[in-house]
Amino acid sequence: MKTLAELAALRDKMKDKVALREGTGEKRIVVGMATCGIAAGARPVLNAFVVAINEAGLTGNVTVTQTGCIGICQYEPVVEVYESGKEKVTYVKMTSEKAQKVIEEHIKGGRPVKEYTIGEIKH
Amino acid sequence: MIRSHVLICGGTGCTSSGSVALKEALASELKAKGLDEEVKIVMTGCFGLCALGPIMIVYPDGTFYSRVTINDIPEIVDEHLLKGRIVDRLVYNDTTVEVEEGAHISLNDTTFYKKQKRVALRNCGVINPEVVDEYIAMDGYQALGKVLTEMSPAQVIQLMKDSGLRGRGGGGFPTGMKWDFAAKSVSDKKYVVCNADEGDPGAFMDRSVLEGDPHAVIEAMAIAGYAIGADEGYIYVRAEYPIAIKRLTIAIAQAREYGLLGKDIFSTSFNFDIQLRFGAGAFVCGEETALLTSIEGNRGEPRPRPPFPAVKGLFGQPTIINNVETFANIPQIILKGAEWFASMGTEKSKGTKVFALGGKITHTGLVEIPMGTTLREIVEEIGGGVPNGKKFKAAQTGGPSGGCIPASHIDTPIDYDNLIAIGSMMGSGGLIVMDEDNCMVDIAKFFLEFTVDESCGKCTPCRIGTRRMLELLTKITNGNGTLEDIDHLEELAKHIKATALCGLGQTAPNPVLSTLRYFRDEYIAHVVEKRCPAGVCKNLVSYEIVADKCKGCTACRRACPVGAISGEVKQSHIIDKNKCIKCGVCVTKCKFDAIIRK
Amino acid sequence: MNVNVKINGVSYSVPRNATILEACKAASIHIPTLCYLKGLSEIGACRMCLVEVKGARSMVASCVAPVNEGMEIFTNTPAIRRARKMNLELILSDHDKNCLNCARNQSCELQRYCREYGVEDQNYFTGKVNEFRKDNSTLAIVRDNNKCILCRRCVAACQVQQKVGVIGVNDRGFDTHIGCAFEKNLGDSPCILCGQCVVVCPTGALVEKGQTDDVLNAVADKTKHALVCTAPSVRATLGECFGMAPGTDVEGKMVAALRRLGFEGVFNMNLTADLTIMEEATELIERIQNGGKLPLITSCSPGWIKYCEHYYPEFIENLSSCKSPQQMFGALAKTYYAHKMGWDPEDIVFVSVIPCTAKKFEVKREGQSAAGVYDVDYAITTRELGKMIKRSGIAFDELPDEEFDNPFSIGSGAGAIFGATGGVMEAALRTAAEVILQKPLEVLDFTEVRGIAGIKKATYKIGDFELNVAVASGTANAAELLDLVKSGKETFHFIEIMACPGGCVNGGGQPTQPSYVLNNINLREVRAKVLYNADKDLPLRKSHENAQVKAIYDEFLGKPGSHKAHEILHTFYVKRGK
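Top line first, the protein sequences correspond to chains A, B and C. Each residue of the first sequence is one higher than the one before, starting from 1 at the first, in our numbering. Each residue of the second sequence is one higher than the one before, starting from 124 at the first, in our numbering. Each residue of the third sequence is one higher than the one before, starting from 722 at the first, in our numbering.
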């Protein structure tokens, strides 16, 4: 390592990897991972969110975590997005593909993907 | 893709309580459950709450598990790491913070951490100390890069002076001034030495930094080398710190590999490298001149000052010696500025100080607090108070060189000068809490026994004087003392303080002088009434069975290890005082409070 | 450059690099010291020299603290007096206080300070007292750690000045004591017995192995013939045992005292010094001419010989095979003189008085028994002679000057200067030059090899030949010189080495002087002056012109280097381990 630029580049690359430990981000994506969720395919969904957040370089701002059973087992996999100062958004019957869209539109764009939310699906 | 980090403390405390086995069990369980690609295990340095180890923290949620065992691992993996359900029974419960039913507070919200300000310890428990990249991710080596490319040595020294940083090893000498002296000493060869020979009983601040954030020390030493014009550094670390030695060895090798140590660092003409030297366990080698003598290959003994090391130090060359914690502050002072650092603390003591809490306190462990925090905040809030409903009596700071702070001074803001004013000293940061069951004469004797044992034997007052003090204290605690002995003890203590060769000798009488100052009545009780008020000094204690209360259950008789208790079933028992060894087991066995200690 | 200081309120201007102790000395203030020896032991350990300095946090050890501009020093406050006294009380609390039977009673520095500081209660502090085993294991030196105050002057002498380093500090805290590594006996260590530790010891912890009663009893034995000879430097120092100033020549009184002690013959070792020169100069010329092992190194100093055998065995072949003057004397006494007197050598008790402790070892060496019995029976130090004279009720200072007995009474000036570093070299040069040139020298003073420098080098042109010589005293200096020779950087034909710094005048058997004398007077120089003055004033200044030496060759040995001379006057050396 011979220059400060090299050092800075390494720092920036590594920062994402330890950002997980900085505590909760501004936005939290919580994936229901109880037995019901896992049976309904929650794990690929969880992984899809983790990968996408990483690829988008959003690890510092967005936390992906799991939670237990929320009580709406028929709608699993359930994913909730929390954002400070805003109502939580609950997505149901999630898939990896849907996850991509949530990242693009909701997390990056700030517009919840209405058609995946519990309100829409119930109807 | 990693979605969760599990941090396991790899400090000495948690290592002794089994954190390495824990890590292995977790790794194999993760693999078995197919989570090894999603969850990363990170061995870190010390979190500070050593009494609760082994400690494990799960991110991103920051769940803080304490006293985790191997048997808990499958549950943590199944429930928490897979299903996201926190294992409640293992979560550290801070009873002083109100949380909603069923909710958990994160680590940083516990009272233990909330009042802390982690500067020297900022990376301890956060990064993997064996991976230099993680240190770099936390802005590591940016400070070194900054001084080498943007600052002159004089500017670095001025910054250190402006920050107000004072030596954390005990003396509290202004670091910038020390560097300035060494910078102004003219020589082709200069040295930077890190004093990592932490020797105060119960103190482990430096160990935690070395184990948790070794690169911070290495970076700071290089900065110091640049500031004074040195190209060689030594870290003198106790051989009793194997984990610290291992991590330092790894860190130095990584820094060399990255070109952060060695020749032409950051393509400048600055060269710097570091060697390790191991101390063999002599307390006196923590004294700077003895430490240098030891590095030189001689019997570790202090030498007279002046000449000070900054003028004539290691191998006769200008040398600065700073303590581990002092160094650990420096990279951040460079990056965040002198004003940032000086904004913390009191008028003459800037920044934070790490303390090792021990003794009669709920949370034993390491805490880092801004200078000026009161003893009350440390004991009652951060430390969780004195356990078992006992009353706080005094706190001992500064180890065998320090003194005690009585309850009457509990609201004293802790800084260098206040502690000296009340007859103690900051020392390296040991803080031992005592309650009403501690005999202050016995405490003084305990520390003096240590000093007598560790005296190097070079100068007359320390070699013979401390021994004579101990003999007088022993006489007093045995109940054979007189009032003249107390005067004699005090006279001798003052003599040693005024005449001993080195700092250790000069401060060795402090525990006696400060207990004489605040607890003279206890000394007098020992010699006049032949009574130990706290009931600690065995020769002055006797046990008796109150006949009216004794039910004759025989519990005490059966427990007595020397057969000193006799009595028939259902008849009141008697203790034979000639046989009694005053171990006190009978008291703990009696269900009827029938045995009293006098 | 000077700085201004105030000592006890009075202003002084003192050199900038002075210590407080030196500044006070210049102001006629005596500050007690126990551990401090200028240039040798500057460790600030005993805490006797404490003074108060305005603004200092604690008391200051004046021996090692430099003066500063404007410094205000107080040497005699109640606090200082109490501190010094208390340190003495502490030392006494762990000290064998049987002063009456101590070898250093009345010359003990601790005792003196206790008296000066009014230590009335020598049991002011009580408690555990260390009990150490006395180390009696060598032929020359006895260590009694019960008398040791841990000033470490002996350690500095052994490690720094002599580079022998067989003693050091063992254990720590209250158990600290001086000893050999792994608590070995001194006798089992590669100690060279030079006795430099003894002459710097302030108390009775280190003394020579005393043989005064043995000698006095031998003298009283009427079935024996007790003969004595005195080494060149003894006359320059013996007076110190009787309170005379260092540098007093007491040759006449010394001879008178020995005669009054009852010796049948009182002889002058300067004569065998001359004899040594005859043999050694011959050996030197022979080695140079016949391509023998060079450099030739002198062999008069038994401490040096033992050092060479332990630490530089590769130089054993370089050593002159000549016995030391003491051994030559004993050998002649028991052969030549015994024959002359018609005595059985076994009936002779030959005593030498020497400034040396190592000679007590030398007398028991192999190859030192020309007549089948030991050449020398007792080697006693200057200190022991002083004690014998006192014990025998002889009023030394009232004695008349008397002369040595024939046929061993004459010594040349060359023999006299044997007692100072460079003396053997100069004596040998006088003789060798005249032997080679076959004519008298115009100037007899070889000043380049004089003086107290640790290492001296010179080149002398003798005819066409350039003779390179070197002189070292103190075995640390010897080691430095030998390393230089070993490295091949410099070559010499002839080297003189004395184990003790300054030579025999500063030998391990010489009278002890307290640290305030050692620190303020250059004892080596002052004592050596006696010898050089004697040389200057003597009509006879060359060994080869000593008539008594010639007579010994004519009557007995033949010529220098003869077979007979080799039988009587030469010896051999052995390699010893480290």
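Quick reminder that beta carbons are idealized off the backbone N, C-alpha and C, glycines included.
- Its chain contains Leu-755, Cys-756, Cys-872 as the residues whose beta carbon lies nearer than 6 Å to that of C:Cys-767, once the 5 sequence neighbours on both sides are disregarded; these appear in chain order.
- It is roughly 34 Å from the alpha-carbon of C:Ile-1110 to the alpha-carbon of C:Ala-1149.
- By the Cβ test, the stretch 320-329 of chain B is in contact with the stretch 407-416 of chain B, since at least three Cβ pairs between them sit closer than 8 Å.
- B:Ile-555 sits in a strand when the DSSP states are folded into three classes.
- The DSSP-derived three-state label of C:His-1291 is strand.
- For B:Ser-689, same chain residues with a beta-carbon under 8 Å away, outside a window of 5 residues either side, are Arg-680, His-696, Ile-697, Asp-699 in chain order.
- Cα atoms of C:Lys-1177 and C:Ala-1191: separation of roughly 6 Å, rounded to the nearest angstrom.
- Under the DSSP assignment, B:Val-279 falls outside any beta strand (DSSP E), being part of the alpha helix (DSSP H) whose first and last residues are 276-286.
- Between B:Pro-427 and B:Ser-308 a beta carbon distance of about 18 Å is seen, past the 8 Å cut, so the two are scored as non-contacting.
- With contacts defined as CB atoms closer than 9 Å, B:Ile-388 and B:Leu-271 qualify as a contacting pair.
- Check the Cα spacing between C:Cys-912 and each of C:Cys-1043, C:Ile-888, C:Ala-824: the tightest is with C:Ile-888.
- Measuring C-alpha to C-alpha distances from B:His-486 to each of B:Ile-397, B:Phe-235, B:Cys-579, B:Ala-374 identifies B:Phe-235 as the nearest.
- By the criterion of at least three beta-carbon pairs nearer than 8 Å, the stretch 279-294 of chain B is not in contact with the stretch 26-34 of chain A.
- For C:Ala-1193, the uninterrupted beta strand (DSSP E) segment begins and ends at 1186-1194.
- In the structure shown, the three-state DSSP call for B:Ser-127 is strand.
- The alpha-carbon separation between C:Asn-797 and C:Met-722 amounts to approximately 27 Å.
- For the stretch 566-577 of chain B, the beta-carbon criterion of a distance under 9 Å to any beta-carbon of chain C is satisfied by Thr-574, Val-575, Asp-576, Glu-577.
- At a cut-off of 9 Å, the C-beta of A:Gln-100 has no neighbouring C-beta in chain B.
- Taken in chain order, the members of the stretch 371-400 of chain B whose beta-carbon sits within less than 7 Å of a beta-carbon on chain A are Tyr-381, Gly-382, Leu-383, Phe-389, Ser-390.
- Val-51, Asn-54, Thr-63, Val-64, Thr-65, Gln-66, Thr-67, Gly-68: these are the residues of the stretch 51-70 of chain A whose beta carbon lies less than 7 Å from some beta carbon of chain B, given in chain order.
- Taking a C-beta cut-off of 9 Å against chain B, the contacting residues of the stretch 894-905 of chain C are Gly-894, Phe-895, Asp-896, Thr-897, His-898, listed in chain order.
- For B:Ala-717, the CB contacts under 7 Å within the same chain, skipping 5 residues up- and downstream, are Ile-668, Val-669, Lys-672, Cys-673 in chain order.
- Along the stretch 594-605 of chain B, going in chain order, the ones with a CB nearer than 7 Å to a CB of chain C are Glu-594.
- If you look at C:Ala-1255, you'll find it in the alpha helix (DSSP H) that goes 1244-1258.
- If you draw a 10 Å sphere on the C-beta of A:Ser-84, you find fewer than 16 other C-beta atoms in it, and that means exposed.
- Excluding five sequence positions before and after C:Gly-1134, the CB atoms of its chain that fall closer than 6 Å to its own CB belong to Asp-1256, Leu-1259, Arg-1262, given in chain order.
- Cβ proximity to chain A below 8 Å picks out Val-249, Ile-250, Asp-256, Glu-257, Ile-259, Ala-260, Met-261, Asp-262 from the stretch 247-262 of chain B.
- The three-state reading of DSSP puts C:Asn-723 in strand, counting E and B together.
- In this structure A:Ala-52 is not in contact with A:Ala-8, their Cβ atoms being roughly 26 Å apart against a cut-off of 8 Å.
- CA-CA distance, B:Glu-198 to B:Leu-554, rounds to 37 Å.
- Contact between the stretch 942-960 of chain C and the stretch 897-909 of chain C is not established, with fewer than three Cβ pairs separated by less than 8 Å.
- Under the criterion of beta carbons closer than 8 Å, B:Gly-550 and B:Gly-588 do not qualify as touching, at roughly 21 Å.
- Against chain B, the CB of A:Thr-3 has a partner CB under 9 Å away; the residue lies at that interface.
- Inclusion of C:Val-1070 and C:Ile-1101 in the CB contact set at 9 Å is not warranted, their separation being larger than that value.
- CA-CA distance, B:Thr-135 to A:Asn-61, rounds to 34 Å.
- Scanning B:Lys-269, B:Thr-677, B:Cys-706 for the CA closest to the CA of B:Val-685 turns up B:Cys-706.
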